[in-house]
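**Q**
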Amino acid sequence: MKTFEKIYEIVSGIPKGKVLTYGDIAITLGLSPRVVGYALHANKDSKNIPCHRVVFKDGSLATGYAFGGKDIQKKLLINEGVDFIGEKVDFKTSLFS
DNA sequence: CCGTTGACCAGGC
DNA sequence: GGCCTGGCCAACG
Numbered sequence: 035m036k037t038f039e040k041i042y043e044i045v046s047g048i049p050k051g052k053v054l055t056y057g058d059i060a061i062t063l064g065l066s067p068r069v070v071g072y073a074l075h076a077n078k079d080s081k082n083i084p085c086h087r088v089v090f091k092d093g094s095l096a097t098g099y100a101f102g103g104k105d106i107q108k109k110l111l112i113n114e115g116v117d118f119i120g121e122k123v124d125f126k127t128s129l130f131s
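All you need for our numbering is the position in the first sequence, starting with 1, plus 34.
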């Protein structure tokens, strides 16, 4: 299993209405957070891999490189039931553990 | 094969 | 409390 595949495995395993942070995934796989970000950037299976459920440790979203803008991502997450505090995800209710 | 490059994160200024 | 810096490690050219 390649590094990308493992990252995709975890991301695709995030249930609806929950989110994960890049750092958490990286720690789980024993990698650097940069690798996780790179993997999601190179993500080709965007339909099967909900990369919008992956956010910063702060709760904020990736700007620019994402799929059209963070506002879109925000809408998607809210649509799935994720709570937002301003421009950040509410970890108290929506963090996947 | 080696240098560059990142959807990051933590610490310092 | 916002901006800059360094460090981390895999993928790309």
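Backbone N, C-alpha and C define an ideal beta-carbon position, used for all residues, glycine too.
1) Which of the three DSSP states, helix, strand or coil, is assigned to residue 37?
2) Under 8 angstroms Cβ to Cβ from residue 73, same chain only, skipping five residues before and after it: list those, please.
3) Go ahead and label residue 128 buried or exposed: buried means 16 or more other beta carbons lie within 10 angstroms of its beta carbon, across all protein chains shown.
4) Once you ignore the five residues that flank residue 70 on each side, which residues in its own chain have a CB closer than 7 angstroms to its CB?
5) Between residue 81 and residue 101, what straight-line distance do the alpha-carbon atoms span, to the nearest angstrom?
6) Got a sec, what are the start and stop residues for the alpha helix (DSSP H) residue 102 sits in?
7) Taking the alpha carbon of residue 63 as the reference point, which residue from 44, 51 and 54 has its own alpha carbon closest?
8) When the Cα atoms are used, what is the spatial distance from residue 123 to residue 107?
9) Roughly how many whole angstroms lie between the Cα atoms of residue 24 and residue 97?
10) According to DSSP, which residues form a beta bridge with residue 122?
**A** Result, derived from the coordinates:
1) Taking the first residue of the first sequence as position 1, residue 37 is located at position 3. Residue 37 falls in the helix class under three-state DSSP.
2) On the first sequence, residue 73 is found 39 positions in, with the first residue counted as 1. Excluding positions up to five away in sequence, the list reads 37, 38, 41 and 42.
3) In the first sequence, the residue the question calls residue 128 occupies position 94. Burial call: buried.
4) On the first sequence, position 36 is the one that residue 70 refers to. Once the five neighbours on either side are set aside, the close Cβ partners of residue 70 are 41, 56, 59 and 60.
5) Residue mapping note: residue 81 aligns to position 47 of the first sequence, counting from 1. Residue mapping note: residue 101 aligns to position 67 of the first sequence, counting from 1. About 12 angstroms.
6) Counted from its first residue, the first sequence places residue 102 at position 68. Element bounds for residue 102: n/a, residue is neither H nor E.
7) Against the first sequence, residue 63 aligns to sequence position 29. Taking only the C-alpha atoms, the option nearest residue 63 is 44.
8) Taking the first residue of the first sequence as position 1, residue 123 is located at position 89. Taking the first residue of the first sequence as position 1, residue 107 is located at position 73. Between residue 123 and residue 107, the C-alpha separation is close to 11 angstroms.
9) Summary: the structure shown does not reach residue 24, with the chain confined to residues 35 through 131, and so no result is reported for it.
10) Walking along the first sequence from the start, residue 122 turns up at place 88. According to DSSP, residue 122 bridges with 119.
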